[in-house]
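Sequential numbering of the sequence shown, starting at -16, is according to the working numbering.
Built from N, CA and C at the ideal position, the CB exists for glycine as well.
Have a look at the structure below before the remarks.
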Amino acid sequence: GGYVALHDFTLSAADFVPYGRGLRRPECVWVDRDGVWASDALGGVCHVRDGCGPAVLGSGIAEPNGFSRRPDGSFVVTGLNDGRLYRIGPDGHTRVLLDSLDGFPLGTLNYACADGPRRIWLSVMTRHLPWVAAMQSHERDGYIIRIDEDGARAEIVADGLDLTNEVKV
């Protein structure tokens, strides 16, 4: 009892209601035991609370895009416009984890997937910055990086992708 077969599941417009307010470009949304979080153009991630303005955590990230949360409460966040991967600590302290690989800039980062406490999977849309240039070149230069030990080890694990988007494991 209480279960609905997937083929019988439906949603209507009445099932959707606004939640939170005052967000700026909330590209990515994360839900966990602490609530709802969204990337925000103010430079970090926002704790979204119904009926209240967002509480920003972190700063200085050029157009925060995809992010995920680690077991210690920190976030790994991609900067869409600066080609950097950031860590935002639970206290809001923001630092760069990775901005180059083998001496080359990373390109346009899309999503950071935390895989436990010490591994991150990072999708890179293109080696171009800004990414709009890749839309015109039709070059398949996106890739995925596996990062271990907070950036101490990083390697490309998939290459030649077309505008790589979100990746999850």
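- Annotation for residue 14: the continuous beta strand (DSSP E) segment containing it runs 12 to 15.
- Here DSSP, grouped into helix, strand and coil, assigns residue -15 to coil.
- The DSSP-derived three-state label of residue 97 is strand.
- Assignment of residue -4 by DSSP, reduced to helix, strand and coil, places it in the helix class.
- Cβ-Cβ distances below 6 angstroms link residue 38 to 30 in the same chain, with the five nearest sequence neighbours on each side left out; the list follows chain order.
- Straight-line measurement puts the Cα of residue -4 at about 44 angstroms from the Cα of residue 134.
- Non-local C-beta neighbours of residue 56 in its own chain, meaning closer than 6 angstroms and more than five positions away in sequence, comprise 73, ordered along the chain.
- Beta-bridge partners assigned by DSSP to residue 35: none are found.
- Beta-bridge annotation (DSSP): residue 138 is paired with 129.
- Residue 150 sits in coil when the DSSP states are folded into three classes, being neither helix nor strand.
- Excluding its 5 nearest sequence neighbours in each direction, residue 110 has C-beta neighbours in its own chain below 7 angstroms: 90, 124, listed in chain order.
- No Cβ-Cβ contact shorter than 9 angstroms links residue 44 with residue 8.
- By the Cβ neighbour-count rule, residue 26 is buried, with 16 or more other Cβ atoms within 10 Å of its own.
- Between residue 112 and the set 60, 88, 97, the nearest pair of CA atoms involves 88.
- Assignment of beta-bridge partners to residue 144 by DSSP yields 125.
- Counting of Cβ neighbours within 10 angstroms places residue 120 among the exposed residues, the total staying below 16.
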